[in-house]
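Engineer:
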Amino acid sequence: MISISLPSGIQLSGIVTIVVTFLLGLLIGVLVKELIKVGIVLLIIVVLLYALGYIHPSFIQYALHQAGVVAQQAYSYAQEYKNIIPYTSIAFIIGFVIGLWKG
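Numbering (my numbering), first residue to last: 606 to 708.
1) Leaving aside the five residues before and after Ile-660 along the sequence, list all residues of the same chain whose C-beta is less than 8 Å from its C-beta, in chain order.
2) I need the straight-line Cα distance from His-670 to Ser-663, nearest angstrom please.
3) On a Cα-Cα basis, can you pick out the residue from Gln-666, Tyr-667, Gln-677 and Leu-629 that is closest to Ile-695?
4) Is the distance from the Cβ of Leu-640 to the Cβ of Gly-704 below 8 Å?
5) Name the two residues that bound the continuous alpha helix (DSSP H) containing Ser-694.
Here it is, written out as structure tokens:
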């Protein structure tokens, strides 16, 4: 069995907490980056369809209204989980930035 001696004052549970927080930030950063990519692709598709005459401006107005309704629902849903995510932790922030940058 391998024995790891930690410096005094550092516990294994603290290290595990930091690593899990970092990984959570990394995964959320990658998720946000991918959602931004999908949003940009959808915007390009809508602009092309409008430019080619396949969709009417009133449809775009309706779609934006529906997107606003869905965004409000998503915001209220996200508020329920706001206290679960450790977004004030430096390990989370570092993981989030790396996820956005390299993800």
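Don't be surprised by glycine CBs; every beta carbon is placed ideally from N, CA and C.
Structural biologist: Here's the rundown:
1) Val-651 and Leu-654
2) 11 Å
3) Leu-629
4) no
5) Neither: Ser-694 is in no alpha helix (DSSP H) and is coded neither H nor E.
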